[in-house]
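J.:
There are 2 protein chains.
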Amino acid sequence: MSAQPERVQDDSLGGRRGGRRARRKIRQHIREEMLPALKRNIPLMEPMTPDQIERIDNASMDILENVGIVFRDEIALSDWKKAGAEVKGDRVHLDRGLLKELIATLPSDFTYYARNPENNLPLGGPHSIFVPMTGAPYLRDLEDKRRNPTLDDLAMFHKLAHMSPALHSSAHHIVEPMDHVVAHRHLRITYSSMKYSDKTFMGMTTSPKNAEDVIDMCRILFGDEYIQSHPVVTGNCNCNSPLIWDETMLGAMRPFCKANQPVLCSPFVLGGANTPASTAAAVAQLNAEALSALAYTQVINKGCPAIYGHYLSTVSMASGAPMAGTPEISLMNFMIGQMARYYDIPWRTSNTLGGAKTFDAQAGYESATTLMAVMMSGANYIWHSAGWNEAGMHCSVAKFVVDAEQCAMAYRMTEGIKWDDFDECIAAVGDVGPGGHFLGHPHTLANFQDAFFMPKLFDNNSIEQWVADGSKDITERALNYARQLLDEYEEPKLDESMDEALLDYIARREREIPAVDALNNEH
Amino acid sequence: MSAQPERVQDDSLGGRRGGRRARRKIRQHIREEMLPALKRNIPLMEPMTPDQIERIDNASMDILENVGIVFRDEIALSDWKKAGAEVKGDRVHLDRGLLKELIATLPSDFTYYARNPENNLPLGGPHSIFVPMTGAPYLRDLEDKRRNPTLDDLAMFHKLAHMSPALHSSAHHIVEPMDHVVAHRHLRITYSSMKYSDKTFMGMTTSPKNAEDVIDMCRILFGDEYIQSHPVVTGNCNCNSPLIWDETMLGAMRPFCKANQPVLCSPFVLGGANTPASTAAAVAQLNAEALSALAYTQVINKGCPAIYGHYLSTVSMASGAPMAGTPEISLMNFMIGQMARYYDIPWRTSNTLGGAKTFDAQAGYESATTLMAVMMSGANYIWHSAGWNEAGMHCSVAKFVVDAEQCAMAYRMTEGIKWDDFDECIAAVGDVGPGGHFLGHPHTLANFQDAFFMPKLFDNNSIEQWVADGSKDITERALNYARQLLDEYEEPKLDESMDEALLDYIARREREIPAVDALNNEH
Chain A
0 MSAQPERVQD
10 DSLGGRRGGR
20 RARRKIRQHI
30 REEMLPALKR
40 NIPLMEPMTP
50 DQIERIDNAS
60 MDILENVGIV
70 FRDEIALSDW
80 KKAGAEVKGD
90 RVHLDRGLLK
100 ELIATLPSDF
110 TYYARNPENN
120 LPLGGPHSIF
130 VPMTGAPYLR
140 DLEDKRRNPT
150 LDDLAMFHKL
160 AHMSPALHSS
170 AHHIVEPMDH
180 VVAHRHLRIT
190 YSSMKYSDKT
200 FMGMTTSPKN
210 AEDVIDMCRI
220 LFGDEYIQSH
230 PVVTGNCNCN
240 SPLIWDETML
250 GAMRPFCKAN
260 QPVLCSPFVL
270 GGANTPASTA
280 AAVAQLNAEA
290 LSALAYTQVI
300 NKGCPAIYGH
310 YLSTVSMASG
320 APMAGTPEIS
330 LMNFMIGQMA
340 RYYDIPWRTS
350 NTLGGAKTFD
360 AQAGYESATT
370 LMAVMMSGAN
380 YIWHSAGWNE
390 AGMHCSVAKF
400 VVDAEQCAMA
410 YRMTEGIKWD
420 DFDECIAAVG
430 DVGPGGHFLG
440 HPHTLANFQD
450 AFFMPKLFDN
460 NSIEQWVADG
470 SKDITERALN
480 YARQLLDEYE
490 EPKLDESMDE
500 ALLDYIARRE
510 REIPAVDALN
520 NEH
Chain B
0 MSAQPERVQD
10 DSLGGRRGGR
20 RARRKIRQHI
30 REEMLPALKR
40 NIPLMEPMTP
50 DQIERIDNAS
60 MDILENVGIV
70 FRDEIALSDW
80 KKAGAEVKGD
90 RVHLDRGLLK
100 ELIATLPSDF
110 TYYARNPENN
120 LPLGGPHSIF
130 VPMTGAPYLR
140 DLEDKRRNPT
150 LDDLAMFHKL
160 AHMSPALHSS
170 AHHIVEPMDH
180 VVAHRHLRIT
190 YSSMKYSDKT
200 FMGMTTSPKN
210 AEDVIDMCRI
220 LFGDEYIQSH
230 PVVTGNCNCN
240 SPLIWDETML
250 GAMRPFCKAN
260 QPVLCSPFVL
270 GGANTPASTA
280 AAVAQLNAEA
290 LSALAYTQVI
300 NKGCPAIYGH
310 YLSTVSMASG
320 APMAGTPEIS
330 LMNFMIGQMA
340 RYYDIPWRTS
350 NTLGGAKTFD
360 AQAGYESATT
370 LMAVMMSGAN
380 YIWHSAGWNE
390 AGMHCSVAKF
400 VVDAEQCAMA
410 YRMTEGIKWD
420 DFDECIAAVG
430 DVGPGGHFLG
440 HPHTLANFQD
450 AFFMPKLFDN
460 NSIEQWVADG
470 SKDITERALN
480 YARQLLDEYE
490 EPKLDESMDE
500 ALLDYIARRE
510 REIPAVDALN
520 NEH
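Sequence order for the protein chains is A and B.
Numbering that gives the first Met the number 0 puts the first residue of the first sequence at 0, with every later residue one more than the last.
Numbering that gives the first Met the number 0 puts the first residue of the second sequence at 0, with every later residue one more than the last.
(1) Determine which residues of the region 227 to 241 of chain B have a Cβ less than 8 Å from any Cβ of chain A, and write them out in chain order.
(2) Is A:TYR364 close to chain B? Criterion is C-beta to C-beta, closer than 8 Å.
(3) Reducing DSSP to helix, strand and coil, say where B:HIS440 ends up.
(4) Give me the Cβ distance between B:LEU159 and B:ALA407, rounded to the nearest whole Å; I'm assuming they're in contact under 8 Å.
(5) So, are the CB atoms of A:ALA378 and A:TRP346 less than 8 Å apart?
(6) So if I threshold CB-CB distances at 8 Å, which residues from the region 445 to 462 of chain A count as touching chain B?
(7) Can you name the residues of chain B whose CB is closer than 7 Å to the CB of A:HIS436?
(8) Less than 8 Å between the C-beta atoms of A:ALA36 and A:LEU120, yes or no?
(9) Quick check on the burial criterion: 16 or more other C-beta atoms within 10 angstroms. Buried or exposed for A:ASN388?
(10) So what's A:TRP465 in DSSP terms, helix, strand or just coil?
(11) Is there a Cβ from chain A that is less than 8 Å from the Cβ of B:ARG340?
(12) Leaving out five residues before and five after A:PRO275 in sequence, what residues of the same chain have Cβ atoms less than 8 Å from its Cβ?
(13) Work out the CA separation of B:ASP215 and B:ARG26 for me, nearest whole Å.
(14) List the residues of chain B whose Cβ lies closer than 9 Å to the Cβ of A:SER291, in chain order.
(15) B:THR278 touches chain A at which residues, Cβ-Cβ below 9 Å?
(16) Check this for me: beta carbons of B:ASP359 and A:ASP472, under 8 Å apart or not?
(17) Helix, strand or coil, according to DSSP, for B:MET374 in the structure here?
(18) Under 8 Å: do the region 350 to 357 of chain A and the region 90 to 107 of chain A share three or more Cβ pairs, one atom per stretch?
(19) Please report the straight-line C-alpha distance between B:GLY202 and B:PRO254, rounded to a whole angstrom.
(20) What does B:ARG411 reach in chain A if we use C-beta pairs closer than 7 Å?
(21) Considering only their Cβ atoms, is the gap separating A:HIS167 from A:SER196 smaller than 8 Å?
(22) Applying a beta-carbon distance threshold of less than 9 Å, which residues of chain B neighbour A:ALA372?
(23) For chain B, find out if any of its Cβ atoms is closer than 8 Å to the Cβ of A:LYS356; answer yes or no.
(24) Mapping the DSSP letters down to three states, classify A:CYS394 as helix, strand or coil.
(25) Under 8 Å between C-beta atoms, does B:CYS424 make it to chain A?
(26) What residue range is occupied by the uninterrupted alpha helix (DSSP H) comprising A:GLU142?
(27) Measure the C-alpha to C-alpha separation of B:VAL428 and A:PRO241 and round it to an integer number of angstroms.
(28) Can you give the Cα-Cα distance for B:ASN65 and B:HIS92, rounded to whole angstroms?
(29) Whole angstroms are fine: how far does the CA of A:MET338 sit from the CA of A:ASP56?
(30) Applying the 10 Å Cβ sphere with the 16-neighbour rule, what's the burial state of A:VAL515?
(31) Given this structure, state the Cα-to-Cα distance separating A:TYR112 from A:ASN259, to the nearest angstrom.
(32) Would you call the region 126 to 135 of chain A and the region 391 to 409 of chain A touching, i.e. three or more CB-CB distances under 8 Å?
(33) Could you run through the region 65 to 82 of chain B and flag, in chain order, every residue whose CB is less than 8 Å away from some CB of chain A?
(34) Put A:ASN118 into one of helix, strand or coil per three-state DSSP.
(35) With 8 Å set as the bound, which would you pick, yes or no: does the beta-carbon of A:LEU502 sit closer than that to a beta-carbon of chain B?
(36) Look at the alpha carbon of B:GLY67 and the alpha carbon of A:PHE421, and state the distance between them as a whole number of angstroms.
As structure tokens, then:
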């Protein structure tokens with residue numbers, strides 16, 4: 000069975016042609032349309048010289064050869080021995096020749112396939128995609144109340160992701176559905192991602208068996224043969240930095256790699272705590288960690304796609320707390336981009352992270368600082384792009400929709416400068432002349448909607464108008480906007496038989512899996 | 000008389016050696032110390048090719064030659080005739096040969112001198128400085144209450160600027176002191192800038208006579224001969240875009256140029272309203288406007304320093320309101336940087352602008368987006384770096400101190416990557432090994448205070464700790480911090496005879512100037 004998703008937007012138009020309602024639908028259709036994968040058209044921020052890139056590379060290779068890296072997993076150790084690595088206990092010493100030979104077979108780019116082919120996405124090189132945050136044990140809901148999330152809350156976020164033009168994925172457990180037993184949660188999360196959006200999505204890697212369930216559900220949605228040659232789902236595997244890959248992550252990695260589905264190989268950097276107190280050395284360490292797992296993906300299945308990952312924070316030496324939006328995180332993003340391009344591997348970063356407890360100005364500064372650094376760095380898989388606050392402890396509905404709009408604004412910046420109407424515009428300067436204005440000029444009238452981005456969620460009115468509108472801060476405006484999006488949401492219906500097949504699978508697995516498990520969040 | 004300011008920090012230490020109080024003073028001294036002018040050590044964001052730069056240059060030259068630009072001022076028109084320009088009515092047609100010849104004598108860099116020589120600053124090329132916002136008719140005060148400002152409020156902001164390490168200037172009318180008659184206000188503003196801080200400052204250009212008063216007061220503070228060869232004060236002159244320089248601005252420009260003091264030649268861009276609806280064409284227009292005034296500074300006084308300026312906003316075509324933090328503003332900053340470097344002239348931009356009515360997340364996103372774009376653009380004179388919100392209608396105390404810290408963070412990013420301890424840090428990875436931590440490692444212990452920026456005004460604690468601390472959002476924390484700064488503020492005393500001379504001058508001028516005038520804000 001191949002992916003033949005219905006074209007829900009066209010259907011909804013087709014059924015109601017003519018009249019005001021159809022025009023409203025057309026407007027809605029425009030608003031909801033997903034932006035294509037971003038193709039960058041501005042330069043990259045590259046603060047390292049070629050010599051400095053090689054210095055990082057060399058230090059990483061020294062670490063992998065001399066210190067080695069722990070693969071806390073019998074199958075991986077056995078695989079590494081067969082692949083020719085030197086294995087001492089659970090520590091793998093990777094020779095730079097072997098490592099470079101292995102990572103050379105990683106695709107430098109690939110296409111993500113969605114159940115709606117209009118939402119297929121190229122990834123790698125100049126192409127980037129925005130993916131919402133995941134893993135929050137709390138949410139701030141439509142009333143800005145902080146509480147534990149439910150499956151319905153997760154569905155709400157999947158709907159909001161579906162409605163946000165700059166979000167290219169519904170991700171997976173944006174929030175942890177606490178009303179559902181941990182052992183069965185991955186099934187419901189995956190179903191929710193698949194059902195409420197027809198964009199790309201992510202798959203749970205909370206255990207090897209859970210990863211297998213995700214792949215099985217993808218087989219139902221896309222077809223057995225189809226997924227073997229089409230990336231449709233992304234799994235994340237975190238390194239226990241420094242220098243440990245554990246059994247859960249490695250076990251979850253294998254079903255993805257074997258099915259030719261990309262994993263993110265993500266060292267988890269708490270700069271200064273689990274890395275040296277140095278940006279350059281932290282990058283060298285995480286580079287060693289990421290490359291070792293990327294190499295292992297090729298041991299599992301030569302040629303399968305995978306993504307150079309990381310999660311970055313720096314640690315406050317005053318309190319031990321992880322920090323977001325710091326200058327060193329920006330610098331590390333720039334540097335990691337250079338390293339990933341040096342190895343010609345698509346790479347992932349984290350976006351719009353906030354450590355604030357509410358959606359206050361701190362959250363805004365932190366998020367925009369990171370977003371801008373990320374856009375300059377050339378990251379391909381831009382995860383955690385909407386909703387993240389309180390160091391990932393909660394996903395905020397208000398922040399989710401604002402972040403999504405911020406991504407659309409950053410997207411616009413990264414598209415670069417428009418030159419096609421330049422001569423016409425310069426002629427307009429002569430038409431208007433000193434002291435005139437351009438508001439009535441034909442070029443302005445023809446271009447006013449697109450020439451300058453008009454953010455819906457920023458209020459730029461006078462204070463008098465703002466007071467007359469109820470003195471609403473951005474949190475209140477954003478929550479109103481989220482309610483409006485949810486009101487207008489139309490489900491991109493799954494084919495009924497496919498839906499039944501997925502639900503049958505879930506029912507069977509819920510009978511098979513004991514309802515006891517451990518919670519395991521990813522970042 | 001040359002500038003011989005007292006060294007207040009040394010004095011305060013010298014007088015109180017030994018004991019806890021001295022140690023407290025030393026800590027304070029460290030916190031208050033101004034950062035040197037930023038010397039950038041990361042690359043620039045340059046989205047235009049050399050051909051595209053020439054395309055902008057060529058379009059600007061065409062505008063100046065063919066459309067011409069209005070100089071609404073008899074003296075300027077007469078000056079232009081003498082300089083060889085073609086003048087038709089009040090419109091000056093500037094030949095590109097003449098224009099390029101004139102701007103060629105602008106210094107590409109210079110030093111700003113402060114009354115405390117420790118606060119002298121190189122400007123131009125890789126060197127940048129942060130200057131607080133100015134011109135707000137309202138403030139949000141220490142209680143976050145929005146009201147009209149007084150001279151005491153202005154003094155408070157000058158003190159906060161003095162206490163902020165990344166702010167390199169006390170600017171001038173950060174807020175408009177509404178309790179003082181407009182006609183005399185420039186005298187009190189200038190005195191406040193000079194008295195409460197020993198950093199560089201700005202001078203009022205609200206009329207030709209006011210500008211002369213500023214220069215006279217600088218002569219008192221620094222000495223007649225001294226200022227003729229030492230830039231000590233900056234005036235701003237806005238263009239009435241499109242393509243008009245008015246009598247007030249031109250008349251204010253002349254006393255600065257004649258005294259060899261730099262002016263900012265600042266087209267005021269409301270993109271889409273007073274420029275075409277196009278980033279590229281808006282830049283071409285403002286480039287023509289800025290260059291025409293920069294050329295005129297050289298007609299007034301060949302070789303005097305001046306700064307390529309602009310004020311950038313884009314206009315919401317929905318409401319007509321100016322917007323901040325939009326992608327086109329970022330792109331225009333990158334482009335203007337390329338143009339200024341093409342002409343080899345130091346350039347000014349605006350920083351951390353917000354259109355929000357309160358210090359909410361909108362203000363944070365807008366400010367950080369602009370700050371990051373500005374840091375990538377290589378701007379030299381980074382104005383409006385603290386306090387700006389509500390499109391400049393108010394200066395917020397809370398935002399002022401947060402912005403100042405954000406500038407310090409951006410400063411750190413722009414200093415680039417530290418490599419000197421790289422080998423030592425890589426050795427630490429081997430020392431610690433898989434699964435260890437770096438918190439107790441000697442390198443971490445020796446470097447923890449400086450390796451990663453720890454923002455004072457971001458709360459990165461757990462929510463439990465944050466609640467225990469009173470659930471304070473960033474506005475409340477920032478206002479507490481501002482109060483603490485003001486408690487600890489020590490005035491960098493003016494020499495008594497100099498202080499008297501300034502006050503005598505003000506008293507005389509207040510007798511001479513009728514107490515009637517028009518308010519004229521600058522941006």
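The C-beta atom is built at its ideal place from N, Cα and C for all residues, glycine as well.
T.: Put simply:
(1) Within the region 227 to 241 of chain B, the qualifying residues are ASN239 and PRO241.
(2) With its beta carbon less than 8 Å from one in chain B, A:TYR364 belongs to the interface.
(3) DSSP, reduced to helix, strand and coil, places B:HIS440 outside both helices and strands of the structure shown, so it counts as coil.
(4) B:LEU159 to B:ALA407, Cβ: 14 Å. No contact.
(5) Result yes, Cβ atoms of A:ALA378 and A:TRP346 sit closer than 8 Å.
(6) Against chain B - using a Cβ distance shorter than 8 Å - the residues of the region 445 to 462 of chain A are ASN446, PHE447, GLN448, ALA450, PHE451, PHE452, MET453, PRO454, LEU456, PHE457, ASP458, ASN459, ASN460, SER461 and ILE462.
(7) At a beta-carbon threshold of 7 Å, the residues of chain B lying near A:HIS436 are ALA272 and ASN273, ordered along the chain.
(8) In contact: A:ALA36 and A:LEU120 (Cβ atoms closer than 8 Å).
(9) A:ASN388 is buried by the Cβ-count criterion.
(10) Helix, per DSSP.
(11) Residue contact check for B:ARG340 against chain A: no CB pair falls below 8 Å.
(12) For A:PRO275, where only same-chain residues beyond five positions count, the Cβ hits under 8 Å are ALA281 and GLN284.
(13) In this prediction, B:ARG26 scores a pLDDT of 45, lower than 50, which makes its location untrustworthy; the coordinate-derived value is nonetheless stated afterwards. Distance between the alpha carbons of B:ARG26 and B:ASP215: 38 Å.
(14) Near A:SER291 there are no residues of chain B at all, since even the closest Cβ is about 11 Å away, more than 9 Å.
(15) Contact note: B:THR278 reaches chain A through ILE416, LYS417, ALA450 and PHE451, using a C-beta cutoff of 9 Å and chain order.
(16) Going by C-beta atoms, B:ASP359 is nearer than 8 Å to A:ASP472.
(17) The answer is helix: DSSP assigns B:MET374 an H, G or I state.
(18) By the C-beta criterion, the region 350 to 357 of chain A is judged not to be in contact with the region 90 to 107 of chain A, since fewer than 3 inter-stretch pairs fall below 8 Å.
(19) Here the alpha carbons of B:PRO254 and B:GLY202 stand approximately 11 Å from one another.
(20) Neighbours of B:ARG411 on chain A, chain order: PRO326.
(21) Not in contact: A:SER196 and A:HIS167 (Cβ atoms no closer than 8 Å).
(22) Against A:ALA372, the close residues of chain B are MET371 and MET412, in the order they occur along the chain (beta-carbon pairs closer than 9 Å).
(23) Closer than 8 Å: yes.
(24) In this structure, A:CYS394 counts as strand in the three-state DSSP scheme.
(25) Answer yes: the Cβ-Cβ gap between B:CYS424 and chain A drops below 8 Å somewhere.
(26) Neither: A:GLU142 is in no alpha helix (DSSP H) and is coded neither H nor E.
(27) B:VAL428 and A:PRO241: Cα-Cα distance of roughly 8 Å.
(28) The alpha-carbon separation between B:ASN65 and B:HIS92 amounts to approximately 7 Å.
(29) One C-alpha to the other measures close to 8 Å.
(30) By the neighbour-count rule (16 or more Cβ atoms within 10 Å), A:VAL515 is not buried but exposed.
(31) Going by the C-alpha atoms only, they are around 13 Å apart.
(32) Under the Cβ criterion (8 Å, minimum of three pairs), the region 126 to 135 of chain A counts as touching the region 391 to 409 of chain A.
(33) Residues passing the 8 Å Cβ filter: ASN65, VAL66, GLY67, ILE68 and VAL69.
(34) Residue state for A:ASN118 is assigned as helix, using DSSP reduced to three classes.
(35) Chain B contact via Cβ: absent.
(36) One C-alpha to the other measures close to 19 Å.
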